[in-house]
Amino acid sequence: MTATGSRLEELLGDDADTLLNHRSTTVDAAQLHLPGPDFVDRVFAATDRSNAVLRNLQWLFDHGRLGGTGYVSILPVDQGIEHSGGASFAPNPAYFDPENLVQLAIEGGTNAIASTVGVLGAVSRRYAHKIPFIVKINHNELLTYPNGADQIMFSSVRRAAELGAAGVGATIYFGSDNSDRQIVEVAQAFEEAHRLGMFTVLWCYLRNNAFKQDGVDYHLSADLTGQANHLGVTIEADIIKQKLPENNGGYPAMERAAGGSYGKTNKLVYEQLTSDNPIDLTRYQLLNCYAGRAPLINSGGASSGATDLAEAVRTAVINKRAGGTGLISGRKAFQRPLPEGVELLHAIQDVYLSEDVTIA
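Going by our numbering, the sequence shown opens with residue 308, and the numbers climb by one from there.
Quick look at the structure:
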């Protein structure tokens, strides 16, 4: 291993061998559409996306420290709505100011910043031409009592286009009571976004208390999150954002809980297409993204403090080795001073720039 590889081993700790030297025998990498400098030409150019959408996708892939590699690092900042401004920005009040968030994205070398129409609209004339904007058009607000879980539209696709966005993002809570309405709303919004020349990013999240069974949280199950991804690409999400899988067997667990039938799966999902290794579980998520025709980016997760750097690097290694396209990491970066946030974002990007980290 090079010096970079030694640093990776240090950060990965006891998981270093399992993650860096794993060879996948589930889904062969040759069956996947893997990231690369030519990804837009090789994959997206064959789709029904317009020239304007292809141009904005190419801008995304060409921007920042990962520009030209086929990988992306995105700074997401919708937590002021999703988790409240206080919960998100009290650790670093400078980030109540949208300009400081955009500066973090730029100095952090990211490919894009994804945030609310309010954050991006506040500084769009100064920055929309300097870094790709992704306007998140729906949110779950936490002020209503009692707190609920429902993604509602906060902005329009046309407004995103008017402020100069390159793409729009949205969340669907698959499995929730409101998922049918959310699917219809987001599908219509994505159709309009493509019509106006913007690419689309979908946060494919599961949300239902029933997904927690026998002390196991199957919101992070590879089989269920994989199906959420498959629904996402069905409504033409260009990029899928998903949480890193931590377990498997969500379908069988839900069938046991229901005392009968729940959805449909196949034993080969568990016997051949996945293993216990997180790289293989993530590869199954990617397989459901039309075998990688829609790039898979994983979430950087919540900020844990001192372990943030190691956790972020671990997630990046798993995503890259599985065949994924990058990370979308917010709280780990903006809940700390700017230099430390930049350092963390660069550490994530260094995984994708490293020749030591290969496709498994």
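C-beta atoms are modelled at their ideal positions from N, C-alpha and C, and glycine is treated no differently.
Here the structure is a predicted model, which is why all the values come from computation and not from measurement.
Compute the Euclidean distance between the alpha carbons of residue i and residue j, then round it to the nearest angstrom.
{"i": "R356", "j": "H329", "result": "36 angstroms"}
{"i": "S568", "j": "P559", "result": "9 angstroms"}
{"i": "D539", "j": "I547", "result": "The residue you asked about is not Asp; residue 539 is Gly in the sequence shown. Approximately 7 angstroms, taken between the alpha carbons."}
{"i": "V379", "j": "R563", "result": "39 angstroms"}
{"i": "Y480", "j": "Y434", "result": "31 angstroms"}
{"i": "Q338", "j": "A598", "result": "7 angstroms"}
{"i": "F461", "j": "N445", "result": "5 angstroms"}
{"i": "K443", "j": "D521", "result": "34 angstroms"}
{"i": "Y577", "j": "N555", "result": "8 angstroms"}
{"i": "I604", "j": "A619", "result": "13 angstroms"}
{"i": "G607", "j": "K574", "result": "30 angstroms"}
{"i": "F506", "j": "V475", "result": "6 angstroms"}
{"i": "C596", "j": "C511", "result": "11 angstroms"}
{"i": "Q592", "j": "P644", "result": "33 angstroms"}
{"i": "Q495", "j": "K550", "result": "24 angstroms"}
{"i": "A323", "j": "D335", "result": "22 angstroms"}
{"i": "N485", "j": "T478", "result": "12 angstroms"}
{"i": "L326", "j": "I666", "result": "11 angstroms"}
{"i": "G648", "j": "Q458", "result": "28 angstroms"}
{"i": "P405", "j": "K571", "result": "44 angstroms"}
{"i": "R672", "j": "I438", "result": "Residue 672 is absent from the structure shown; the chain starts at 308 and stops at 667."}
{"i": "T451", "j": "R488", "result": "20 angstroms"}
{"i": "I413", "j": "A473", "result": "16 angstroms"}
Pull up the DSSP beta-bridge partners for residue i, would you.
{"i": "H446", "result": "I459"}
{"i": "I546", "result": "V508"}
{"i": "A467", "result": "Partner(s): none; A467 has no beta bridge."}
{"i": "Q642", "result": "DSSP, once it has assigned bridges, lists no residue as partnering Q642."}
{"i": "Q520", "result": "V523"}
{"i": "I441", "result": "A421 and G474"}
I'd like the span of the beta strand (DSSP E) that includes residue i, first residue to last.
{"i": "L680", "result": "With the chain covering 308 to 667 only, the question about residue 680 has no answer from this structure."}
{"i": "P344", "result": "Per DSSP, P344 belongs to no beta strand (DSSP E) and is neither H nor E."}
{"i": "N328", "result": "No beta strand (DSSP E) holds N328; DSSP gives it neither H nor E."}
{"i": "Y659", "result": "Where Y659 is concerned, there is no enclosing beta strand (DSSP E), although the alpha helix (DSSP H) it sits in stretches over L645 to L660."}
{"i": "A496", "result": "Segment S486 to R502 is the alpha helix (DSSP H) holding A496; no beta strand (DSSP E) there."}
{"i": "A477", "result": "G474 to F481"}
Since I believe residue j is in contact with residue i (beta carbons under 8 angstroms), could you give me their beta-carbon distance rounded to a whole number of angstroms?
{"i": "G377", "j": "Q656", "result": "Not confirmed; about 13 angstroms, so no contact."}
{"i": "T589", "j": "G631", "result": "6 angstroms"}
{"i": "P383", "j": "I635", "result": "5 angstroms"}
{"i": "V508", "j": "A544", "result": "7 angstroms"}
{"i": "A529", "j": "T581", "result": "6 angstroms"}
{"i": "F346", "j": "L361", "result": "Wrong, their Cβ atoms sit about 11 angstroms apart, outside the cutoff."}
Hey, could you find the ends of the alpha helix (DSSP H) residue i is sitting in?
{"i": "I625", "result": "D615 to A629"}
Please indicate yes or no: does the CB of residue i lie closer than 7 angstroms to some heavy atom of the ligand SAH?
{"i": "I586", "result": "Absence of the ligand SAH from the depicted structure is noted, as is the absence of any ligand whatsoever, leaving it without description."}
Minimum length 4: unbroken alpha helix (DSSP H) runs contained in the segment 359-431: Complete alpha helix (DSSP H) runs here, min 4: 386-389, 392-396, 405-414 and 424-429.
Continuous alpha helix (DSSP H) assignments of at least 4 residues falling wholly in the segment 539-606: Fully enclosed alpha helix (DSSP H) runs of 4 or longer: 557-565, 574-578 and 585-594.
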